[in-house]
Structure formats: C-alpha cells, structure tokens
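Engineer: Submitted below is the structure of interest, expressed as structure tokens.
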Amino acid sequence: MTKSSSIVGTLIYIHFGPIVWALHLGFSYALHAAICEAGERLPLSPTALPWLLGAGTAAAGLAVIVGLLFPDLVGTPLHAARVGQTGAFVTSLMRFLALLSLFGVGYFGLSMLMVPICLPLR
Amino acid sequence: MDSPATPISPTPRPEGEREELLRIWSTPKGWRVVSAVNNTVIGLIYIGAAFLFFILAGILALVMRAQLAQGGNDLVSQELYNQLFTVHGTTMMFLFAVPAMEALGVMLLPQMLAARDLPFPRLSAFAIWAYIIGGLVFFSTIFYDLAPAGGWFMYPPLTLTEFMPGDNADFWLLGIGFIEISAIAGAVEIVVGVLKTRPPGMTLAKMPIFAWTMLIFAGMIIFAFPAVIFATILLEVERAFGWPFFTAELGGDALLWQHLFWFFGHPEVYIIFLPAAGLVSMMIPTMARTPLVGYRLIVVALIATGFFSFGLWVHHMFTTGIPGLSLGFFSAASMAVAIPSGIQVFSWIATMAAGRRRIRFTTPTLFILGFLFIFTLGGLTGVMVAMVPFDFQVHDTYFVVAHFHYVLVGGMVFPLFATFYYWAPMVSRKLLSERLGKWAFWLMFIGFNVAFFPMHITGLAGMPRRVWTYPENLGWDLLNTISTVGAFTIAAGVLVFIIDLVLNFRPSNQGAGNPWDAGTLEWLPSDVYSTRSIPHVTTRDPLWEQPNLAEEVEAGAHYLPGAPTGFRETIVTSPIEAEPQYVLQMPGNGWSQVFAAVFTAGFFLLLTIKAVVPAVISGVLAVAFCMIWVWPLDPGPGKGKVEIGAGIKLPTYFSGPQSHGWWAMVVLMLVAASLYLAYVFSYLYLWTVSPDVWAPTNAPGPPDLIYPLGTGALLLFGAGAIWLAGRLLPEPGERSLASIILLIAAGLGLVGAVALDAWGHWQTGLVPTDSAYAAMVYTATGLTGQVAAAVLLMVLFTAARLVVGRTDRERRNSFDHTALLAYYCAAQGLFGLLLIHGFPRVMG
Numbered sequence: 000m001t002k003s004s005s006i007v008g009t010l011i012y013i014h015f016g017p018i019v020w021a022l023h024l025g026f027s028y029a030l031h032a033a034i035c036e037a038g039e040r041l042p043l044s045p046t047a048l049p050w051l052l053g054a055g056t057a058a059a060g061l062a063v064i065v066g067l068l069f070p071d072l073v074g075t076p077l078h079a080a081r082v083g084q085t086g087a088f089v090t091s092l093m094r095f096l097a098l099l100s101l102f103g104v105g106y107f108g109l110s111m112l113m114v115p116i117c118l119p120l121r
Numbered sequence: 000m001d002s003p004a005t006p007i008s009p010t011p012r013p014e015g016e017r018e019e020l021l022r023i024w025s026t027p028k029g030w031r032v033v034s035a036v037n038n039t040v041i042g043l044i045y046i047g048a049a050f051l052f053f054i055l056a057g058i059l060a061l062v063m064r065a066q067l068a069q070g071g072n073d074l075v076s077q078e079l080y081n082q083l084f085t086v087h088g089t090t091m092m093f094l095f096a097v098p099a100m101e102a103l104g105v106m107l108l109p110q111m112l113a114a115r116d117l118p119f120p121r122l123s124a125f126a127i128w129a130y131i132i133g134g135l136v137f138f139s140t141i142f143y144d145l146a147p148a149g150g151w152f153m154y155p156p157l158t159l160t161e162f163m164p165g166d167n168a169d170f171w172l173l174g175i176g177f178i179e180i181s182a183i184a185g186a187v188e189i190v191v192g193v194l195k196t197r198p199p200g201m202t203l204a205k206m207p208i209f210a211w212t213m214l215i216f217a218g219m220i221i222f223a224f225p226a227v228i229f230a231t232i233l234l235e236v237e238r239a240f241g242w243p244f245f246t247a248e249l250g251g252d253a254l255l256w257q258h259l260f261w262f263f264g265h266p267e268v269y270i271i272f273l274p275a276a277g278l279v280s281m282m283i284p285t286m287a288r289t290p291l292v293g294y295r296l297i298v299v300a301l302i303a304t305g306f307f308s309f310g311l312w313v314h315h316m317f318t319t320g321i322p323g324l325s326l327g328f329f330s331a332a333s334m335a336v337a338i339p340s341g342i343q344v345f346s347w348i349a350t351m352a353a354g355r356r357r358i359r360f361t362t363p364t365l366f367i368l369g370f371l372f373i374f375t376l377g378g379l380t381g382v383m384v385a386m387v388p389f390d391f392q393v394h395d396t397y398f399v400v401a402h403f404h405y406v407l408v409g410g411m412v413f414p415l416f417a418t419f420y421y422w423a424p425m426v427s428r429k430l431l432s433e434r435l436g437k438w439a440f441w442l443m444f445i446g447f448n449v450a451f452f453p454m455h456i457t458g459l460a461g462m463p464r465r466v467w468t469y470p471e472n473l474g475w476d477l478l479n480t481i482s483t484v485g486a487f488t489i490a491a492g493v494l495v496f497i498i499d500l501v502l503n504f505r506p507s508n509q510g511a512g513n514p515w516d517a518g519t520l521e522w523l524p525s526d527v528y529s530t531r532s533i534p535h536v537t538t539r540d541p542l543w544e545q546p547n548l549a550e551e552v553e554a555g556a557h558y559l560p561g562a563p564t565g566f567r568e569t570i571v572t573s574p575i576e577a578e579p580q581y582v583l584q585m586p587g588n589g590w591s592q593v594f595a596a597v598f599t600a601g602f603f604l605l606l607t608i609k610a611v612v613p614a615v616i617s618g619v620l621a622v623a624f625c626m627i628w629v630w631p632l633d634p635g636p637g638k639g640k641v642e643i644g645a646g647i648k649l650p651t652y653f654s655g656p657q658s659h660g661w662w663a664m665v666v667l668m669l670v671a672a673s674l675y676l677a678y679v680f681s682y683l684y685l686w687t688v689s690p691d692v693w694a695p696t697n698a699p700g701p702p703d704l705i706y707p708l709g710t711g712a713l714l715l716f717g718a719g720a721i722w723l724a725g726r727l728l729p730e731p732g733e734r735s736l737a738s739i740i741l742l743i744a745a746g747l748g749l750v751g752a753v754a755l756d757a758w759g760h761w762q763t764g765l766v767p768t769d770s771a772y773a774a775m776v777y778t779a780t781g782l783t784g785q786v787a788a789a790v791l792l793m794v795l796f797t798a799a800r801l802v803v804g805r806t807d808r809e810r811r812n813s814f815d816h817t818a819l820l821a822y823y824c825a826a827q828g829l830f831g832l833l834l835i836h837g838f839p840r841v842m843g
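Sequences listed follow chains X and P, in order.
Residue numbering for the first sequence follows numbering that gives the first Met the number 0, starting at 0 and increasing by one per position.
Residue numbering for the second sequence follows numbering that gives the first Met the number 0, starting at 0 and increasing by one per position.
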C-alpha cells in the first residue's frame, strides 16, 4: 500500500461494478417510469425508450468490462489500495464484484427485449 | 498466509498492571450495572433483551396458531388477531432480529478484534437502553388494546386516520421510528469500530468474516433505515396534521409508502441474514477444523448480496399495477441475487468437506446443518416468487408466509442458536449442555418443518394470509392443525434451551477458555478489560497459525502495556493496513447516557399519546443529558505520546479526518443524506404518478426569486462563518471572542435560511394541508430545518467550550464535528433550493 491510499477510494474501487449496476438500475427504472407515467409532460415518447435503455445497458456493460480488464483506470484516480497483499485482495474483490455486476446489468437489460414497453400489468 | 509472528518486543509491564486494569474496567455492582458501558456487560443485556422479545413474539405466534388450528375458531377476536400478527411481525423484525445481530456485534466484535471495547461505548449503551425502554412500551400495547393492527408494514390508506383512528398506529410509527434511530446509533459504532479498532497487522484481507458481515450490515442500515424513518415521518405527519402525502385525491399516493417501506424492507431481510451468515462462516471452520474455503469469494458474496439487495424492493409490489418492463427488471434482479447466496452455501459445504478429520457433530454444527437445509429451501421458493406470474398466483397467501419463515427462521434463528451454543463459553464459565442442546435442536428443526412446510400447500390451496379464521369446508383444517402442532413443538425446543440456560449459563469475565479449539481472537485469555495485551496479527486464524499467541498475549508480550493514560483505552489503527495510529481514551461507566435514553424514549412515547408539554420537557432533558455525556469527551493532547510496545510511541489524542469522531460524523451525514435522498425520490415520484394534481391547477406558484436567493445567501454565510471561526480558533490557554461570535452567527444563519425559505412559501398562500405538492415543499424545509437545529445546538455547545477554554486550535474535535455538520446542512439546503424552486420552473 502506498501512503496515499484512501479508504474511501478503496471502498469505491471495490464497489465499482455494483455502483455501475446501481446507476444502470436507477437510470433504467427512473427513465422507464417517467416516460411511461408522465410521457406527455416530457419531450420524449415511449418509442424512444428501447433505444435509450439499450444505450444505457451497453454503456453500463462497457464500463464494467473496462473496469474488469483495466483496474488501474479505476483504482489510480481513486487512490485505492492496490499494491502488496492487501492490494491484490482488494483488486480481486473488485473484479469478482464487477463480474457479478456485469451479469446483473445483462440480465436486467434482457427484460427490454422480452416485455412490451409501458404495458401495465393490472 | 504470512509466516507466524514473533512476539512484539515487550515494553516493561508496569507494576500492578492487572489490578490497575481491573479497577479501571470494573463493572458496577447490583442495580448500578445499568450505568455500565463495557461491551461484554451491555452486550449480554442487549442479547438478553432481544431474546426476551423473541420469546414474547413467539408466544403471540402460538396464540395465533391456536386460533387457526381449526376453521371457525373464536379463541381470539378479529381485532385482537389483527393486533397479534402486527405486533408479532413488528417485534420479530424490529425488536428481535436486527437488535439481536447488533447485540452480537457489540459483544463479539471487540473480542474478535482484540480491542478493549468499541470506540463509542456510551453510544452503544444509549442505543441499548433506548431500545429496551421503547421496545417494552411498544410491546406492552398488546395488553391494553393499544397495539397497532395494520400489519408489520402498516400500509396506507388502511393506516390513515380515516380508517384507523386512535393511537394504535401512532405507537408503531413513533415507537418503531425511534427504535430505528437506536439501530442507526449502533451502526455508527460498528462501522467505526471495524474500520478503526482492529489489532495491528489485521489488514482488510485478514479480517474475520463476522467483521466483514457486520461492516456490511451497518452500511446497509445506514442506507436502508432512513427510507423507512422518512416514511414513518410522512405517515405520522399525515395522521397528526393532515399533510396529504398518501391521500390520492390531494395528489398523494399510497404506493409511495410501499416504495419507501420496501426500499428498507427488502434489504432488511439481508440485514438480518448477512451477520448470521458471518457467524456460520466463523463456526464451520472450527467444527471442520480447517480454514474457511473461499474466504475471498465469501467476502465478494457478502458485499454483492448487500449491494444488490437494494435493487429488489419492487418484487414486493409485483401486483400493484407496475409496468411490465419494470417487473421484468426486478424479477431478473431478484433471481440474480441468488447467485451470491449460492456462493456462500457452496463455500460452507466445501469447508466441511475439506477438513482432514471428520467434522464435529456438536450442537452448533446441528443448528448450522439445520440452517443450511431450511435456508436453502427458503431460497428456492424465493426464486419461485421472483417469477412474476407465479408471484401473482401466490401473492398474499400462506405460500409467502411459508417462504419468508423458511428464509428468516432458517437464515437467522438457527444460526443464532448455533451462536448461543458456540460462543456461550466466551462469557460463561460453563458450556451449555450438549445433550439438552441436541434436544432443543431436534425439537426446533422438526417443529419448524412441521409448522411451516404445510403452509406452502395451504397457500397454493388459496388460503390468504392475515385472516383470523376461515370456513371449515375449504380443506385447510388438517394442514392448519399440523402447522399448529409444529409451532408448539418449536416452542418446546425453545423451552429446552431456556432450561439449559438456567442450568448451565454462568456469566464470567474469564469465560471457559477455548473449548472448541477455535482459531480467532475472541478465544484469547481475557478478563473484564479484554486481553492483557493487544496482539500483533499476521494471519486470518491467529490462534491456529501463530503458535503461543495466547500465552504471549496473556503474558503481556504484545501491545498496550497497562493503562498509560489512566483511563479506559484501546489502539486505533488505520482502516486498510491496520497500522497503529493513536491511543483512544474512552469514557467509563456513567449515568448520562442512561438518562438520555430514558428521556429520548419519553419524548417519543409521550408524543404518541399527544402529551405534548411533557414530551417537550422530556426532549429538552434528553438533549441536556446528551450534552452532559459528551462534555468531557474531547480530552485534548495533554497526555502527550505513550509507548505501546515494539518501540512504537503513539499520541493519545487525534483530530481531523483520521480521528474516530470525524468518521462517526461522516457516517451520520451519510444517514442524513440517505434520508434526504428518500425525500427527493418521494418528491419526484409524486410528480411522476399524479400529473393531474401535481401541482394542482389553482396552487400558488413558487415564491419570488428573492426568497431562494436570500436563503441561499444565508446558507453560504453560515458555511463561510463557521469556516472563518475555524481559522480564528485560539491557541491553547487563550480565548477568541471572534471565533465564538462567528460560530453562533453561523448557527443562526443556517436556521434563519430555513425560516426565510418557509416564509417565502407561506407568503404565496401555499398551505401544506391543501395538497401533496404543498406538503412536499414544506417537508424539504423541515428536513433541512432539523439539521440546522442540530447544528445550532452543537454550535452553542462548542461556543460554551470555547468560553471555558476547553476548545482551541489543538483540542478541536468538538469544533470540527460541528463544522462538518454545518457544511452538510448548507449543502443540503442549497440542493433543496434547486429542487423546490428550480424543478417547477423548469417543468413549467
């Protein structure tokens, strides 16, 4: 560990994948709910929704893959603990969690290919 | 793994060290034990209280099962039955499950981390007494027809005053809201304790799994509990003052409650399960006599479960008319969360298989195997109800009752009983009986499955939950009778356990040694002061891999000789690598935290019965005792540096971002931010779902820009003034009038900002009872107002310390914590201005 390692940066680094997953969930759910429920007050129509959600899913998936393959890109700016035994441990946690998150983003994103947009199931 | 450690070059142990430690850490005798703060004492009281609530809620369950044993039964009335299932669920979830886990954290963590205590012992004691008093009063409502009857989730509109008049629902809202605050106080303690009081050498990679789970548990409480606290505030304000957050015709929405409640409620399941899983991960290696297989993967699984659990709340709302695509999202997430749980189950099985010698079939092992069987079945039915079409069929039936009891009892109660048997020798000079333990296990295991497995079938046969009786000709009678027999069999098992406790549990500071030959630090020789010296740790299972560690620690060959400051103390280490940073002086036994808890409970409970004046008096007294409690807690650097062993000299005082108090403030601000985030969600949610009445067509528009601009200026003034006050803090021994004036001006500026904002809205004719929009606008002001009020109190407190010379440029923790909260208050206020004044203008 270098002297400048930050616990906050390390925690964010470990949680990189789940944070992307959460942002993707928040973006998808909020956008979908807003457009379907209050579409007439927004400049977007439901027909744009699959494209927006698809783009969001692709961006989230790509971000996680980049984090998985190039952890330095995430860890260095965050001053995460990344050297020595603890650094290796922290990076392995980050990678495993990113992998799970990638699965979560993909599974979540699959829904839009299978379910009609804005169909209320009452 | 690192190679085993050699003993730290010992600092000469002071003369009469042991006697001095025993004197400093002594526990008050007799009734004065209430004033104790030591974790092994209050931890036991905490666990005892949680277990008492388990018994009480269990008795309510037996009454319900007796009522349901036959169709058409009239043992209890419908109204009483409604109260029974509400108090049963509420007590089990809020007064037993979460507190039991928090109690284990308070008791076990310092021992596992070889700390002398957690960093805020009085905060723990405050949380515990607040919980015990609040919990007992809440539970007692069942005896005088004042208990809530809206189910443990208290859905509006059923719980609005119109449909549920009287004080019953208020006891839930104020009582439980208050107890959640106590849980948050415990979470602050646990986060700072795990990250800052580990023994030297215990890096993140070497932390016991239970410490990981408690860290995640506390983190989840910090982000989940504010949502339900905010929901209870909204519902109580609607019931008490008529602000229509949940009334549809005025722009409110009953589903807002469900969103907020389940954003808390689903993570709550994992808040309960994860620490239990952590306990299992600690016990299995001991019983299998081999290190845990897949430590790293288990940590991943714990973090993933905790994090992903926040994305599942909508699966409790599948049948509320949510768009199909959203159902698809949350169905996918609900199935995905099974993966990390599966990782843990396979790691446990692999550990059992990995031992060179046969696993020991002790009572804890039996309870763990029972847990694996029951929890896995609950997980499988969880995947079933995660599928939307299936959930539509079984929603609100006994299938769901069976599912969540398999998850919660399997996932938490069985590991808890394993814990009782496994860790009892740590605090009792006698082990619990293996023979009685096995009886208890088999009765509980068989009873549980007899009670709850038939409920799957009852549910599939169409029996709805929360019915007080049912017609006799529907084919449900036999299944219900079997379930009732099973419930009483479980009770027999619990009774055997209680008999075992009475016969064999004998509290003792020294415990019964290390009877299981376990590898973790809680089994080091200890006394009331914990271990004689604080060990240097180099492995995950130090007692297995560092030969002679126990003898070295007991001989005083490791860190922290004696009590160099003359008070209770422990070593604070860095959060990642656990390098020693400073010696933390901790407060000893005292009454202020007890009275603070009593009067805080009094405030909430008196408010519930609308005794406003006594409630206010009680609230003022609570604040006064909090002030008395914290007044001596910023001792300053007067004692200089002390030697802790191995030639290391540490300061006895620390301020700034590395100090434990700073961390606690940051955690508290995260709680406040979570609360505000719940508000922002609610504001935008109501705008989304009620386009016709948000804002109502005849509602006044936002105030003139002069009001938000003036409010913003005051907020910035408050933050600026406190920053400047910090620059002007006096040197030790001196006074600074400018600093005092600036401090008070900062507090007044922040409170004034909030008042100006509210006045601006009032000037437009916006009345909070007119619409949900208006109520939401004033709620933003209220939320920032309560932070500003807290800042004002802290400002006055710090100013008083400045006046008497107890705060200065070096002795500055009180000031720093006040400044942190003031900056947060200003930031939240500015964000609120953008939302409340900006959003309506942007959206027209």
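Just so you know, even glycine gets a beta-carbon here, dropped at the ideal spot from N, CA and C.
Run the CB neighbour count on lysine 28/P, radius 10 Å, all protein chains shown included, and call it buried at 16 or more, exposed below.
Structural biologist: Exposed: under 16 other Cβ atoms inside 10 Å.
Engineer: Based on Cα-Cα distance, which residue from Ala79/X, Glu36/X and Thr90/X lies nearest to leucine 68/X?
Structural biologist: Looking at the Cα atoms, Thr90/X is the closest of the given residues.
Engineer: Who are the Cβ neighbours of alanine 462/P in its own chain at under 7 Å, not counting the five residues just before and after it?
Structural biologist: Note that residue 462/P is methionine in the sequence shown here, rather than alanine. Around methionine 462/P: Thr396, Tyr397, Tyr469 and Trp475.
Engineer: Give me the subset of the segment 515-545 of chain P whose CB atoms are less than 9 Å from a CB atom of chain X, sorted by chain position.
Structural biologist: Per Cβ criterion, the list is empty.
Engineer: Run the proximity test for arginine 505/P: is its beta-carbon closer than 8 Å to any non-hydrogen atom belonging to the ligand GDP?
Structural biologist: No copy of the ligand GDP appears in this structure; indeed no ligand is present at all.
Engineer: By how many angstroms is the C-alpha of isoleucine 270/P removed from the C-alpha of alanine 663/P?
Structural biologist: When rounded, the distance between both Cα atoms is 20 Å.
Engineer: How would you write the range of the alpha helix (DSSP H) that proline 579/P sits in, first residue to last?
Structural biologist: Element bounds for proline 579/P: not the alpha helix (DSSP H) but the beta strand (DSSP E), 579-585.
Engineer: Spatial neighbours of threonine 783/P within its chain, please: C-beta separation below 7 Å, excluding the five flanking residues on both sides.
Structural biologist: Cβ neighbours of threonine 783/P beyond the five flanking positions: Val753, Cys824, Gln827, Gly828 and Gly831.
Engineer: Measuring CA to CA, which of Val400/P, Thr39/P, Ser689/P and Glu433/P is closest to phenylalanine 451/P?
Structural biologist: The candidate whose alpha carbon is nearest that of phenylalanine 451/P is Val400/P.
Engineer: For alanine 4/P, collect the residues of the same chain with a Cβ closer than 7 Å to its Cβ; drop the 5 residues on either side in sequence, then sort them by chain order.
Structural biologist: Low confidence applies here, because alanine 4/P scores a pLDDT of 47, under 50, leaving its location unreliable and the question unanswered by this model.
Engineer: Based on the DSSP output, what are the partners of aspartate 526/P in its beta bridges?
Structural biologist: BP columns for aspartate 526/P point to Ser529/P.
Engineer: Across which residues does DSSP place glycine 644/P in a beta bridge pair?
Structural biologist: According to DSSP, which records beta bridges pairwise, glycine 644/P is partnered with Ile647/P.
Engineer: Provide the residue(s) that pair with arginine 567/P in DSSP beta bridges, ordered along the chain.
Structural biologist: BP columns for arginine 567/P point to Met585/P.
Engineer: Could you compute how far the alpha carbon of valine 157/P sits from the alpha carbon of arginine 121/P?
Structural biologist: Rather than valine, the amino acid found at residue 157/P in this sequence is leucine. Between leucine 157/P and arginine 121/P, the C-alpha separation is close to 40 Å.
Engineer: Shortest alpha-carbon distance to arginine 355/P belongs to which of Pro13/P, Leu795/P, Pro284/P and Pro424/P?
Structural biologist: Measuring from the Cα of arginine 355/P, the nearest candidate turns out to be Pro284/P.
Engineer: Using the C-alpha atoms, what's the distance from glycine 837/P back to threonine 780/P?
Structural biologist: Distance between the alpha carbons of threonine 780/P and glycine 837/P is about 15 Å.
Engineer: May I ask you to list, following chain order, the residues of the segment 40-68 of chain P that have a beta carbon less than 9 Å from some beta carbon of chain X?
Structural biologist: Those would be none; no residue qualifies.
Engineer: Under the three-state reduction of DSSP, which class applies to proline 707/P: helix, strand or coil?
Structural biologist: In this structure, proline 707/P counts as helix in the three-state DSSP scheme.
Engineer: So, with DSSP's three-state summary, where would you put threonine 396/P?
Structural biologist: In this structure, threonine 396/P counts as strand in the three-state DSSP scheme.
Engineer: Under 9 Å between the Cβ atoms of valine 615/P and phenylalanine 602/P?
Structural biologist: Against a cut-off of 9 Å, the Cβ pair of phenylalanine 602/P and valine 615/P comes out as a contact.
Engineer: Please confirm if glycine 320/P has its CB atom under 9 Å from at least one CB of chain X.
Structural biologist: True, the Cβ-Cβ gap to chain X drops below 9 Å.
Engineer: For chain P, find out if any of its Cβ atoms is closer than 9 Å to the Cβ of methionine 0/X; answer yes or no.
Structural biologist: Any reading at methionine 0/X is ruled out, since the residue's pLDDT is 40, under 50, leaving its predicted position unreliable.
Engineer: Which of the three DSSP states, helix, strand or coil, is assigned to threonine 46/X?
Structural biologist: Helix.
Engineer: Taking only the alpha-carbon atoms, compute the straight-line gap between alanine 844/P and threonine 687/P and give it to the nearest angstrom.
Structural biologist: With chain P covering 0 to 843 only, the question about residue 844/P has no answer from this structure.
Engineer: Taking C-alpha atoms, which residue in Ile367/P, Ala287/P and His315/P lies nearest to alanine 353/P?
Structural biologist: The shortest C-alpha separation from alanine 353/P is found at Ala287/P.
Engineer: Can you find a CB in chain P that lies within less than 9 Å of the CB of threonine 127/X?
Structural biologist: With chain X represented from 0 up to 121, any question about residue 127/X goes unanswered, as that position is not in the structure.
Engineer: For alanine 275/P versus phenylalanine 224/P, is the C-beta distance shorter than 9 Å?
Structural biologist: Cβ atoms of alanine 275/P and phenylalanine 224/P: not closer than 9 Å.
Engineer: Is the beta carbon of isoleucine 743/P less than 9 Å from the beta carbon of valine 670/P?
Structural biologist: No, the Cβ-Cβ distance between isoleucine 743/P and valine 670/P is not below 9 Å.
Engineer: What are the residues that DSSP puts in a beta bridge with tyrosine 558/P?
Structural biologist: Answer by DSSP bridge pairing, in chain order: Ile533/P.
Engineer: Which runs of the alpha helix (DSSP H) at least 4 residues long sit entirely within the segment 106-182 of chain P? Give them in chain order.
Structural biologist: Taking only runs of at least 4 residues, the alpha helix (DSSP H) segments lying wholly in the segment 106-182 of chain P are 120-139.
Engineer: Measuring CB to CB, does phenylalanine 240/P end up less than 9 Å from tryptophan 151/P?
Structural biologist: No.
Engineer: Could you check if phenylalanine 142/P is buried or exposed, using at least 16 other CB atoms within 10 Å of its CB as the buried criterion?
Structural biologist: Counting Cβ neighbours within 10 Å, phenylalanine 142/P comes out exposed, since fewer than 16 surround it.
Engineer: CB leucine 278/P to CB tyrosine 421/P, shorter than 9 Å?
Structural biologist: Closer than 9 Å, so yes.
Engineer: Find the residues of chain X that neighbour valine 191/P, judging by a C-beta separation of less than 8 Å, and give them in chain order.
Structural biologist: Within chain X, no residue comes near valine 191/P; the closest Cβ sits about 12 Å away, beyond 8 Å.
Engineer: Cβ of phenylalanine 653/P less than 9 Å from any chain X Cβ?
Structural biologist: No - not a single Cβ of chain X is within 9 Å of the one on phenylalanine 653/P.
Engineer: Helix, strand or coil: which one does DSSP assign to threonine 468/P?
Structural biologist: Note: threonine 468/P maps to coil in three-state DSSP.
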